[in-house]
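Working notes for the structure below.
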Amino acid sequence: MANTLYTPQQAARATLASLRYLTLLPRTVRQDFSQEFVAGVGQTVNVLGPVTAGKAKVYTKANRTARDAIQFNDLDQKWFPVTLENQVYNAVRLPDDFATFTLKDLTTQVLIPQAESVVDELAAPLVAEMVAIATDASIPQVAADGSNFRTALIKARQVLNDRKIPAAGRTFAVGPGMEAAALQDELLQKVNESGSGDTLRNATIGRLFGFDIIADPTLPDDFGIGYHKDGFAHVTRPSRQPEGAAKSATVAQDGYSLRWIQHYNPLQLEDQSVVDTFYGAKTLDANRAVSLTLAS
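No gaps in the numbering here: position 247 of the sequence shown is 244 in our numbering, and each next residue is one more.
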């Protein structure tokens, strides 16, 4: 049978690659916490938030003359618990007639379609965290024709600058309606047309005013959000490899982790393929994000 050409690890990695290149929104936040299942840890993953070092001080000429001692700040880094209660999965049956006569390539005919199904749900907890972020009174609603999108983007940049959020690592993510408004801006059209052939290109609108502007259909239609990478965390964690599965593997790479299992069910004369992972998201610092809305 065609799927016997694959080891469980190869099959799992093929699925992981599909997740890696299909998902975008989770890849713009902190993802570097995923690892393989560790027995006994429980359903909570503790995520380290961004490090802060307090306000810088000035050592004046008078301080030097008086030989004053310098003052020290304390480094502060908080732990944020991310609860992994929900498990996203896709399970399919591969009947004997399909597996024997039709199945030629496990990756393209089974694993990638399963991964595409999983990815449709993968960003859901992160979206829930993002839509809870408040806007700022200084930021106008974006007009449906996009005529003031640039102004709103500049205002969002100003808000983050006023909050002293680092300029590097900023993203502006938009839902479908906000994307349509943004793409009516001629300047953004030119930025989009001149972009690189990046693997994220299909969902990347362009880079403007320090933001990587991306579109994600899982965001609300009339919603946009500017944020720094350290504002949110997205975690995937596979459960253990089951004792009774004929084939199973867990893999962790590039901020994603998942499990693939396959087992034969003799009662219905079929193989069963399952791709799954536990997933969750957490706001690490709401101060590092600001939302926008589309005018009705």
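Quick reminder that beta carbons are idealized off the backbone N, C-alpha and C, glycines included.
None of the values given here were measured: they were computed from a predicted structure.
Close Cβ partners of residue i (< 6 Å) along its chain, the five nearest in sequence each way excluded
i, result
"proline 78", "Thr41 and Asn43"
"asparagine 87", "Gln111, Ser114, Val115 and Val272"
"isoleucine 162", "His225 and Arg285"
Residue i - DSSP class collapsed to helix/strand/coil
i, result
"isoleucine 151", "helix"
"leucine 197", "Residue confidence is low: leucine 197 scores 40 on pLDDT, short of 50, so the model does not pin down where it sits. No coordinate-derived value is stated."
"alanine 230", "strand"
"threonine 280", "strand"
"asparagine 262", "strand"
"leucine 91", "strand"
"glutamine 111", "helix"
"glycine 37", "Low per-residue confidence applies at glycine 37: pLDDT is 46, beneath 50, and the placement is therefore not dependable, though the value from the model is reported in the following sentence. It is coil, neither helix nor strand."
"arginine 269", "It is glutamine, not arginine, that sits at residue 269 in the sequence shown. If DSSP states are grouped into helix, strand and coil, glutamine 269 belongs with the strands."
"asparagine 145", "coil"
"arginine 64", "coil"
"alanine 292", "coil"
"glutamine 124", "Note on residue identity: the sequence assigns valine, not glutamine, to residue 124. Valine 124 falls in the helix class under three-state DSSP."
Cβ pair residue i, residue j closer than 8 Å
i, j, result
"alanine 243", "glutamine 265", "no"
"glycine 51", "aspartate 65", "no"
"glutamate 126", "threonine 280", "yes"
"threonine 80", "threonine 168", "no"
"alanine 278", "aspartate 213", "no"
According to DSSP, residues forming a beta bridge with residue i
i, result
"alanine 212", "Val171"
"arginine 24", "BP columns for arginine 24 are empty, so no partner."
"aspartate 73", "Thr49"
"threonine 274", "Val85"
"leucine 180", "According to DSSP, which records beta bridges pairwise, leucine 180 is partnered with nothing at all."
Contacting residues, own chain, Cβ-Cβ under 8 Å from residue i (five flanking each side not counted)
i, result
"threonine 148", "Pro137"
"valine 287", "Ile130, Ala131, Thr132, Asp133, Ile136, Ala153, Val156, Leu157, Ile222, Gly223 and Tyr224"
"leucine 123", "Leu22, Pro23, Val26, Phe229, His231 and Ala278"
Sequence-distant residues of its chain with Cβ nearer than 7 Å to residue i (five each side left out)
i, result
"tyrosine 56", "Ile67"
"leucine 291", "Gln138, Val139, Ala141, Gly174, Met175, Ala178 and Asp219"
**Message:** Pairs of beta-carbons, one from the region 200 to 219 and one from the region 161 to 179, closer than 8 Å: are there three or more?
**Reply:** yes
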